[in-house]
Structures are given as structure tokens and as C-alpha cells.
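Worksheet: one structure, shown below.
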Amino acid sequence: MSNSSQFSVLTIEDDPTTAEEISAELRAHGFQVETVADGKVGFDKARTGKFDAITLDRMLPSMDGLSVVTQLRAAGIDTPVLMVSAMSDVDERIRGLRAGGDDYLVKPFAVDEMAARLEVLLRRRQAPALVVKLQVADLELNLIEHSVRRNGELLDLKMTEFRLLEYMMRNSGQTLTRSMIFEAVWNYHFDPYTNLIEVHMARLRKKIDTPGLPALIHTVWGSGYMLGVRP
Amino acid sequence: MKPTLREHWRISTFRLATLFGVLFTLANVALLGMIYWETSSYLVHRIDDSIDTMSTYFKDGDPDKILAKVNDALVYDLRKSNIYGLFGPDRKLIVGNIPAFPAGLPIDNHIHQFAHPALPQYHPSNAAPQEETGLARAIARPLSNGDILVVGRDFTQLAEIKAIILNALMVSGAVIIALGLSGGFLLSLRPLKRINAIRETSQQIVDGDLSLRMPVSGRNDEVDMLASIVNLMLVEIERLLTEVKSVTDNIAHDLRTPLTRVRLLLYRAQQQSAPDDAQHQMLNKALTETDALLSRFRALLRISEIENRQKKAGFELVDPRDVLRQVAELFEPLAEDKSIKFSVIASSTKMITADPSLLLEAISNLIDNAIKFTPHDGSVEIRLLQQDGIPCIDIIDSGCGIDSREMEAIMKPFYRGNRHHGEAGYGLGLSIVAAIMHLHGFSLTFLPVKSGSHARLLCTGKPLL
């Protein structure tokens, strides 16, 4: 989790306690954090373009989050923006993303979820968009052949399992929360009420982490999952 | 809606008109009866007077001359309406214009009325004598020589008057009742139309559109007065409901920030404590509980968000089969995990207008419930069929089922069925489903089944705007 030490984040949030906790958590993840409570001030800071990512509350004094992100994009600033909003409706989410937000988090949220999402956003920035093959240790996923090999052995995965694995491999080494997985793999934006993700993950695990090989899929307590080689 | 006769009957105007029809008919009967009674008593009086006079004239004087008197009378009675008869002691006719001694006429010096084969009546069109039963009034007087003198007068007029009055009664009664019924029918058309308008409005209000008001015609009659009272009530109910709802929503919104803070602080404390510390375990538990609380909160806010959605922005034409395929793919492993037989039978139906993500959320909720409440080795079946042109999604499970008394209650927030057997959940899932159904104008019912449960989602109706 210390791989993000080089990143600086601007947190635009008007609630002092939330802002403080966000910055504490993000610092714990190795980010450099600057917090701003006002929309206008936040916009002025963000348009300098010196931040790697921005967390942006939807409702802010003097200038609301939607206007901030819209004007940032209009000004040619393409810093990844994580929108934070009290409104969970799909319409709101779509509006936030259309305005130029890169991800959308609904209040009340867990800071670790926010950190996980920010890391994925930053990682997405760096990763090459077009790849044919994804590789983590001895796990190989070929996007053209639609095949998966572990330790050279071909694995038989179902469609959903393949999509899940692809998402996890694209974000290997990152903590992926259940809702992130649910949104990215299934494109659903509601609370998965039960242990749905766990069940799907268990299936995938059974096929990937066969006995005798080092486990690649790890459970991150209280947050979600991570694919990668445990140090 | 076309009003039925039964409905007409329920309208007070109609009943009133009918009642007045009957009353008028009765009054008519009384009036005509009175006329009849007065007329007949007058006629009887006059006839009896003349019978008295005649019989006295015959009787007085020499009995031997009576025969001649009767003969004279027979000759001079031009109107042929009088009855004269002189009978022997053996009641054999000596002379007279009646063939036999009238049966039922006591010989007691009093005038009696009896059935009488009438004297030919006045029938200008029909010359043939008629064998009609008429009436007559007569007196039978015993004479000193043992003979019996019968003097009387034909009284068929009375029967005729009776017939005329009866006829008048029947005709006028029929006309009055027909007028009353048709008048009532016509008069009740309007109130019925208004009642039906009110009924339709209230149905829409029951269906959830509290902004509607009862139609008021502006005539300020009793229906308008009632409608205005109901409208006042509706305004108040709507105000109270919005108030309650906004209070709940505000509480949820206001608590959101502190809850987020609590979660943040707990998380930081957990991060800072050593993993093998007892306090760390406690903090873990506290975090789990807070997460549960947060997700309950999100569900509550979600419900109010869906309920407050005024538009159908995300609505599009959706093939229900696509939705079911996605849901099936999502839940199949969950069912398999519990060794539940999971099957989807989807026949092709017409497209439905829906918000696909909300519909998916609703169906997911239902299937999630079905799997949750079905024991190991049970079965969950999802069927898509078209019923009377309406796509219909059935979710049938072999689980613990729903108590028939709870069918209504389970849709309410925080209600958890009696048979949940400690399964995880907050009792908000079905409320979310209900809110989504309401937004779409769809209906969700739980069919009574012997075992397990059978949820039916009817994709019908117009979505709320």
C-alpha cells in the first residue's frame, strides 16, 4: 500500500471531521493530501493541475461539485476525480460521471473504500489501455484467446469468472472492495445484499488457487479482495 | 365504467323517485277509491229510496190488486231497469221481469244487493243480448196472502263504475310508476357519473397518487360538500405524510455525516491498534456493526430516493428475458453453494417499459430472499410468461414460505417475517422492491401456496410520472 507515496491528492470536502479522516486515511495509504472546504477555492487549486487525483464532494459552499468538475474539464484539466455524494440514485451517478467524474462514491462511505478507489483510479491512469495479455506471477490471462493459464496449465473459466479475474488482474496489488467489484464486473450499482461476491470469489479461488500453488487471491479484512503475490 | 342497474338502485335520487312513484300510485288508489265509495253510496242511497217508494206503493192497498199493479208497472217501465216480480208462496213466478226468485235474497223487508243476470246493457255496437253478470238491489216483501213481492232495480252501473275506476287506476298507476322509474333513472345518471368519477379518483389515490383531489362540480350540492370535506382531509393527509416522510428523510440525512464520522474514527482506531490486541478485536466488531448500520441506512435512503423520484428518466424498453438472464448468472453460484436447484424458464414476452437497473435490483432482491429462505437441497424457480398480454415474472421457492397473515406486512420497512429463522437481513429488501414496483406501476403479490412461497411480479400499468 505504500506504492502511492509519489501521489498528491486534493480533497474538497466541507465537513471538517470527514475531511480530517479522509486525509488521515489517505496519508496512511501514502498519499500527500491537501484539504479544502470551499468549492471555489478547491476549483482554483485544482485548475493548477498539480494534483494526481481529486476527491470532490457533490455539495459544497460557493460552487457545487458538479460545476467544479465540469469547469475543470472545460479548462482541460484531466486529473482523475472521485465524486462523493449523498445521492445514490443511478441518475445522479450518471450525471456525476457525465460531468467528468471518474468514479462515484456514495455517502456514508468507508475511507478505506475511498482509498482503494483512488488507487485504482491512479493506476488506471498509468496502465496502458490496450493489452493482449495480463500476467501476475504464474497466472496468465490472454484477452484475445480468452484463455487463462496457471503455472502453464489451461484453466476452464466461465464467462463471469473470466471477467472477474480480468478486473482483478488489471488491478493486481490493489485492494478491491465488494462494491467496486460489483460495479466493475456486473455494472450494478446497488448494495449486493448477501454474500454474493464472496460466493463468486470462492468459485474463482477454487479454480485459480489450486492446492500446492501459492495463493494469489487474498481477502483484505473488512474491505475486500486483492490479487497478487503476498510479500 | 358503465353503471349497472344495481348501481342505479343504490343512488338515492333513483330510490326517491321510485318511492314517490309508489306513493303517488297509493294516493291515486285512495283518491279513486274515495270517489268510488262516495259515488256508490250516493247511488245506493238513491236506488234504495226509489225501491222503498215503489215497494211501499205496491204493497199498500189490496193484495189482490198487486198483480194488476205489477202488470201495469211492467208495461210502463220504459227504462227496463226496474225489477218487478210477484212470486207465489212456493216462489214460483206469477208475473214479473225476472225469470226466477233471486237466489240469495232473503224475504225480510230489507233491501239487499245480489248478483243478477243483468238486464240487457246498453251496447250500441252489439245488439245481441249479453249474458253478463250484473248487480241488482231489491227488496222481497211477504204479502198477507202468502205471495212474495220482489221490487228492485238493476245496479250494474255500480259494477261498471268499479270497472272504470279500476281501469283508471291501472292505467294511471302504470304511467306514474313508469314515469317515476324512468325519471329516477335519468336523475340518477348524473350523480352516478359523479360517484364513479369520485370512485376512480379515490382508487388512484389508494394506488399512491396523493396529489389528486375529488372532483367538485361547483353546484355546491351535498355531493360537492362531501367531496370538499374529503379534499380537505386529503390535503391534511398529504401534508402529514410529507411531513413524516421529510422528518424520516431528514433524520437519515442528518445522521449520515455523524455515522460516516463514527465509521472513520473507528477505522482509524482499528488501524492504529496492534492486530493481536484484544482492543483490535473489539474495534473489528464495532466496525462490522457500523458497516451493518451504514448499509441499513443506505437502504433506507435508497427507498426514500426511489420514492421521491418524480421522473422516469432511466426508463426504456426492456426485454425481461435479458434482465432474468443477468440475474440468473449473478445468483446461480449462490444457489449452487446451498445445493439449491436453480432454474430459469423464460418464454418470450413483449417488451416492458422499465428502468433496467432498478428492475434488476428488485428481481435480485426477490431471488436473494428466495435463496436465503430456502433450505439446502431445496429449489428456486424463476418463470417468465405472458399472462393476458402482460409479462409476468414468477419466483417460486420451496423455502419456509410466508405466513398468510403477513402477506401485507412484509412489504413494510423493517418488517421481518416470523419464519426468518435468524437469517441475516434488515427487513428493508422488500420495501425497496415495493418502492421500485410502485415507481414502475408494476404489482408484486405473494400467491397463497401450500409450501414455500410464490412471488408474482406483474409488469403492468402505467409508470408514475
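Top to bottom, those sequences are chains A and B. Under my numbering, the first residue of the first sequence is numbered 1, with each subsequent residue one higher. Under my numbering, the first residue of the second sequence is numbered 232, with each subsequent residue one higher. Glycine included, each C-beta is placed from N, C-alpha and C at the ideal position.
query: Which same chain residues, not among the five before or five after Ile407 of chain B, have their C-beta less than 6 Å away from its C-beta?
result: Gly252, Phe255, Thr256
- request: Specify whether the region 480-499 of chain B and the region 523-531 of chain B touch according to this definition: at least 3 beta carbon pairs, one from each stretch, less than 8 Å apart.
  value: yes
- prompt: At which residue ranges does the region 65-97 of chain A contain complete alpha helix (DSSP H) runs of 4 or more residues, listed in the order of the chain?
  reply: 65-74
task: Using three-state DSSP, classify Glu547 of chain B as helix, strand or coil.
output: Here Glu547 of chain B sits in strand by DSSP.
- request: Write down the C-beta distance between Asp102 of chain A and Glu25 of chain A rounded to the nearest angstrom, noting that I regard them as a contact closer than 8 Å.
  value: Beta-carbon to beta-carbon, Asp102 of chain A and Glu25 of chain A are separated by about 19 Å, too far to satisfy the 8 Å threshold.
- prompt: Are Val36 of chain A and Lys45 of chain A closer than 7 Å when you measure CB to CB?
  reply: Cβ atoms of Val36 of chain A and Lys45 of chain A: closer than 7 Å.
- request: Measure the Cβ-Cβ separation of Ile621 of chain B and Leu597 of chain B and say whether it is below 7 Å.
  value: No, they are not a contact pair.
- prompt: If you compare alpha carbons, which of A:Val41, A:Gln135, A:Gln174, A:Asp64 is closest to His29 of chain A?
  reply: A:Gln174
query: Ordered along the chain, which non-local residues of its own chain (more than five positions away) have a Cβ less than 7 Å from that of Asp57 of chain A?
result: Ile12, Glu13, Asp14, Gly65, Val84
message: Rounded to whole angstroms, what is the Cα-Cα separation between Phe109 of chain A and Lys158 of chain A?
response: 32 Å
- request: State the DSSP-derived secondary structure class of Ile626 of chain B, mapped to helix, strand or coil.
  value: strand
query: How long is the line joining the alpha carbons of Leu572 of chain B and Gly76 of chain A, rounded to whole angstroms?
result: With the sequence shown as reference, residue 572 of chain B is identified as Lys, and Leu is not the correct amino acid for it. If you draw a straight line from the Cα of Lys572 of chain B to the Cα of Gly76 of chain A, it is about 54 Å long.
query: Which class does Ser356 of chain B belong to by DSSP, given the choice of helix, strand or coil?
result: Legend: pLDDT at Ser356 of chain B = 48, less than 50; position of this residue unreliable, value from coordinates given subsequently. In the structure shown, Ser356 of chain B sits in coil (DSSP, three-state: anything other than H, G, I, E or B).
task: Would you give the residue range spanned by the alpha helix (DSSP H) that Thr219 of chain A belongs to?
output: Per DSSP, Thr219 of chain A belongs to no alpha helix (DSSP H); it is in the beta strand (DSSP E), 217-220.
message: Here's the rule: buried if 16 or more other CB atoms are within 10 angstroms of the residue's CB, otherwise exposed. What is Asn313 of chain B?
response: Buried, because 16 or more other Cβ atoms sit within 10 Å of the Cβ of Asn313 of chain B.
message: Looking only at its chain, what residues have a beta carbon closer than 6 Å to the beta carbon of Arg322 of chain B, apart from the 5 residues adjacent to it on each side?
response: Phe332
field: Spatial distance of Gly414 of chain B from Ile342 of chain B (CA atoms)
entry: Spanning the two alpha carbons is a distance of roughly 50 Å.
- request: Pull up the distance between the alpha-carbon of Arg246 of chain B and that of Cys690 of chain B, whole angstroms please.
  value: 42 Å
task: Would you kindly check if the distance between the Cβ of Ile633 of chain B and the Cβ of Ser578 of chain B is under 7 Å?
output: no
- prompt: Which same chain residues, not among the five before or five after Gln501 of chain B, have their C-beta less than 7 Å away from its C-beta?
  reply: His511, Leu514, Asn515, Leu518
- prompt: In three-state DSSP terms, what is Phe573 of chain B?
  reply: DSSP places Phe573 of chain B in strand when its eight states are reduced to three.
message: What does the alpha-carbon distance come out to for the pair Asn357 of chain B and Ser375 of chain B?
response: With a pLDDT of 49 at Asn357 of chain B, under the threshold of 50, the modelled position of this residue cannot be trusted, and the question is left open.
message: So for Pro351 of chain B, helix, strand or coil by DSSP?
response: Note that Pro351 of chain B scores 48 on pLDDT, short of 50, meaning its location in the model is unreliable; the coordinates nonetheless yield the value given after this. Coil at Pro351 of chain B, not helix or strand.
query: In terms of alpha-carbon separation, which member of B:Ala394, B:Phe677, B:Asp339 lies closest to Asp366 of chain B?
result: A quick correction: the sequence has Leu, not Asp, at residue 366 of chain B. Ranking B:Ala394, B:Phe677, B:Asp339 by Cα distance to Leu366 of chain B puts B:Ala394 first.
message: Quick check on Gly319 of chain B: buried or exposed, where buried means 16 or more other Cβ atoms within 10 Å of its Cβ?
response: exposed
query: Alpha carbon to alpha carbon, what distance is there between Glu520 of chain B and Lys603 of chain B?
result: 21 Å
query: Which residues, in chain order, does the region 563-581 of chain B contribute to contact with chain C at a C-beta distance below 7 Å?
result: No chain C is part of this structure, whose protein chains are labelled A and B.
His671 of chain B in three-state terms, based on DSSP: helix
message: Is the beta carbon of Gly39 of chain A closer than 7 Å to that of Ser62 of chain A?
response: yes
- prompt: Straight-line CA distance for Leu465 of chain B to Ser433 of chain B?
  reply: The C-alpha of Ser433 of chain B is placed about 10 Å away from the C-alpha of Leu465 of chain B.
query: Cβ of Gly224 of chain A within 7 Å of Cβ of Thr177 of chain A?
result: yes
- prompt: If you measure from the beta carbon of Thr35 of chain A to each beta carbon in chain B, is any gap under 7 Å?
  reply: no
task: Ignore the nearest five residues each way along the sequence and tell me which others in Leu696 of chain B's own chain have a CB closer than 6 Å to its CB.
output: Unreliable placement is indicated for Leu696 of chain B, whose pLDDT of 42 sits below 50; the coordinate value is still reported in the next sentence. Excluding sequence neighbours, Leu696 of chain B sits near nothing in its chain.
message: Bridge partners for Met201 of chain A per DSSP, in chain order?
response: Met201 of chain A pairs with nothing; no bridge assigned.
message: Could you tell me the alpha carbon to alpha carbon distance between Leu678 of chain B and Gly672 of chain B, rounded to whole angstroms?
response: 19 Å
- prompt: What separation, rounded to the nearest whole angstrom, lies between the Cα atoms of Thr219 of chain A and Met201 of chain A?
  reply: 10 Å
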